[in-house]
Amino acid sequence: MLSDPIVALATPPGRSAIALLRLSGRGAFDVAARCLHPFRAAPARRVFRARLLHPDTEELIDDVLAACYAAPASYTGDDTVEITTHGGLGAPAAALGALLAAGARAAAPGEFTRRALHNGRIDLLQAEATADLIDAGAPAQRRHALHQLERGFSSRLDALRSGIVELEALIAYDIDFPEEDDGPVDTARVEASWQRVRSGVAGLLATAPEGERLRAGALVVIAGPPNAGKSSLFNALLGVERAIVTALPGTTRDAIEAEVVIEDFPFRLVDTAGLRAAASVVESLGIEVSRRYLGAADLVLYCEPPRVPEVPHSSAGERFLADLTAPVVRVTTKADLEVVPPDGHPGAAVRVSVHTGQGLAALRHALATTAFGRLAGGGDVEPVVTRARHRAALARALAELDAFRTARSAGIDAAAAATHLRAATGALDELIGVVAPDDVLDAVFRSFCVGK
Ligand SMILES: Nc1nc2c(ncn2[C@@H]2O[C@H](COP(=O)(O)OP(=O)(O)OP(=O)(O)O)[C@@H](O)[C@H]2O)c(=O)[nH]1
Ligand SMILES: [Mg+2]
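Anchor point for the sequence shown: position 29 equals 29 in our numbering, and the numbering is continuous, going up by one each time.
Here you go:
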């Protein structure tokens, strides 16, 4: 891993009051000293005012504030200088140019954080949490990212890891004296200890569906017969008139997607073309798109207008619902029009009117609890598995723990059984990033922004 001085703009380019440049690596103070006049590396973390000059031409670029963070007490763990320039496009770009001319290299996306990981300032879960916090739109996303950044997830894994190491210690006698039958290995304690770590790992793994939804947003597909009021409901949930609403069936032809926060949780809402034997080519293409979205949905919001007693109930809707694998929240729309009481849909439907607002709060709540279950219920922040990378590592640890138990009960010698425990520990180490291979790191940092 290189530790040459790197520099990047840490704030987005654009019109703003100030901008922040970050410079870090071995020799960062020398680079800064070529541009900042005066330059004060000490006292550390003390902001000073300086003129930023181009090192070659000595042209005045900006009047700036700067602070130095000496290794290892910096974000990256290397010597770091943070320079606050005036905002906008010109001054930060010219300052960046001056620092490059003074010997720094332009940083790659996430390179500062990658160095922080390399220098042991943070672990890989914290690095991921940093990216998640930056990307967080919904309050629940922000809370969970922050909890992970504060080592909530890491310390849970530390505890599980110690549990596995302890388990290995419990069978140590068997490993050292394999030929003795009645060693002091307490089978009940081994079993209890195994149960504890196994349920810990399994419990974390069980949070994966909700956790991954928390990161990506739950995909909610609004479906139902034409003219049911799907687009009206889509607009009401978004709070803006995004989709066209008319009294004609078949208004929506294409799927429309929008992001929305409901009860602090992130959702991606999709309004679709009403499902029916198509009237036109365009509409049937739209219906095809709807079906594809339905296949990917985390949740289906099924809308039906109130039933009119004299119209026979069509079973098409029930057949449609029977084919779905995603959970369904049923809505009876146009509740303000209803003249007869709703006669029992199977599965209670939320009755909603976009005209009076009736039922919208209940519907929002039903969406949050259906998509985020446990997370929506608990006020306290528990670690959750938010990435496929986490899920794969925990699944590997779980499989190794199970293989250990199978090996023990089959009477396989303790040293061989213990290799499964070591593999389980290895999976947790990789998850937390103690031993993450380069390609894993590349994948994690690829999505980072420059300057982070
Ligand atoms: N009274 C009343 N009318 C509603 C309500 N919601 C929708 N409508 C009316 O129902 C008609 C159809 O609404 P849309 O939202 O376009 O229905 P849709 O399901 O998207 O229809 P398609 O896109 O054609 O499948 C419009 O005339 C709406 O004004 C409601 O809560 N109350
Ligand atoms: Mg529509």
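From the three backbone atoms N, C-alpha and C, an ideal C-beta is built for every residue, glycine too.
Residue burial classification, residue i (beta-carbon count within 10 angstroms, cutoff 16)
i, result
"Ser-154", "buried"
"Glu-304", "buried"
"Arg-319", "exposed"
"Arg-46", "exposed"
"Ile-134", "exposed"
"Gln-195", "exposed"
"Val-308", "exposed"
"Pro-5", "buried"
"Leu-248", "exposed"
"Gly-451", "buried"
"Gly-295", "exposed"
"Glu-82", "buried"
"Ser-353", "buried"
"Arg-387", "buried"
"Gly-211", "buried"
"Leu-149", "buried"
"Pro-383", "buried"
"Val-460", "This structure cannot settle anything about residue 460, because the visible part of the chain is limited to 1 through 452."
"Gly-317", "buried"
"Leu-204", "buried"
"Leu-9", "buried"
"Ser-199", "exposed"
"Glu-166", "exposed"
"Leu-60", "exposed"
"Thr-325", "exposed"
"Asp-438", "exposed"
Ligand 1 heavy atom lying under 7 Å from the CB of residue i
i, result
"Asp-336", "yes"
"Pro-306", "no"
"Gly-229", "yes"
"Pro-109", "no"
"His-86", "no"
"Val-7", "no"
"Gly-274", "yes"
"Ser-232", "yes"
"Thr-332", "no"
"Val-354", "yes"
"Gly-224", "yes"
"Ala-247", "yes"
Own chain partners of residue i with C-beta closer than 7 Å, once the 5 adjacent residues on each side are dropped
i, result
"Ala-243", "Ser-231, Phe-234, Asn-235, Thr-252, Ile-256, Asp-271"
"Ala-258", "Leu-238, Arg-242, Leu-269"
"Thr-356", "Asp-336"
"Leu-321", "Tyr-302, Val-328"
"Ile-456", "Since the first residue of the chain shown is 1 and the last is 452, residue 456 is not available in this structure."
"Arg-143", "Val-381"
"Arg-189", "Leu-170"
Own chain residues within Cβ distance below 6 Å of residue i, not counting five before or after
i, result
"Phe-267", "Gly-217, Ala-218, Val-220, Val-260"
"Ala-208", "Val-385, Arg-391"
"Gly-224", "Lys-230, Tyr-302, Cys-303, Glu-304"
"Val-245", "Ser-231, Ser-232"
"Arg-408", "Ala-417"
"Ser-74", "Thr-80"
Any non-hydrogen atom of ligand 2 within 7 Å of residue i CB
i, result
"Thr-251", "yes"
"Asp-271", "yes"
"Ala-243", "yes"
Cβ neighbours of residue i in the same chain (closer than 8 Å, five flanking residues each side left out)
i, result
"Ser-3", "Gly-25, Arg-26, Asp-78, Arg-115"
"Ala-399", "none"
"Gly-426", "Val-435"
Any chain D beta carbon closer than 8 Å to residue i
i, result
"Leu-375", "Among the protein chains of the structure shown there is no chain D, as only one such chain exists."
* Jot down the residue ranges of each uninterrupted alpha helix (DSSP H) in the stretch 330-410, minimum 4 residues, whole runs only, in chain order. => Entirely contained in the stretch 330-410, the alpha helix (DSSP H) runs reaching 4 residues are, in chain order, 360-377, 388-409.
* Touch test, the stretch 27-41 against the stretch 66-76, Cβ-Cβ under 8 Å, three pairs minimum -> Here the stretch 27-41 lies against the stretch 66-76, with 3 or more beta-carbon pairs under 8 Å apart.
* Asked: On the three-pair Cβ rule with 8 Å, is the stretch 106-123 touching the stretch 425-445?
  -> Segments in contact, yes.
* Asked: Three or more C-beta pairs closer than 8 Å, one from the stretch 83-90 and one from the stretch 104-114: is that the case here?
  -> No, the stretch 83-90 is not in contact with the stretch 104-114.
* Between the stretch 92-101 and the stretch 424-434, do at least 3 Cβ pairs fall closer than 8 Å? -> No: fewer than three Cβ pairs fall under 8 Å.
* Quick one: which unbroken beta strand (DSSP E) runs of 3-plus residues sit fully inside the stretch 58-133? Chain order, please. => Counting only runs of 3 or more residues that sit fully inside the stretch 58-133, the beta strand (DSSP E) segments are 60-69, 80-88, in chain order.
* Quick one: complete alpha helix (DSSP H) runs, 4+ long, within the stretch 204-250? -> Here the runs fully enclosed are 208-216, 230-238.
* Three or more C-beta pairs closer than 8 Å, one from the stretch 396-413 and one from the stretch 186-205: is that the case here? -> For the pair of segments examined, the stretch 396-413 was found to touch the stretch 186-205: the number of CB pairs separated by less than 8 Å reaches three.
* Curious, which full-length beta strand (DSSP E) runs of at least 3 residues does the stretch 23-58 contain? -> Fully enclosed beta strand (DSSP E) runs of no fewer than 3 residues occupy 48-53 of the stretch 23-58, in order along the chain.
* **In chain order, each alpha helix (DSSP H) run of at least 4 residues that lies wholly inside the stretch 133-167** => Listed in chain order, the alpha helix (DSSP H) elements of length 4 or more contained wholly in the stretch 133-167 are 139-149.
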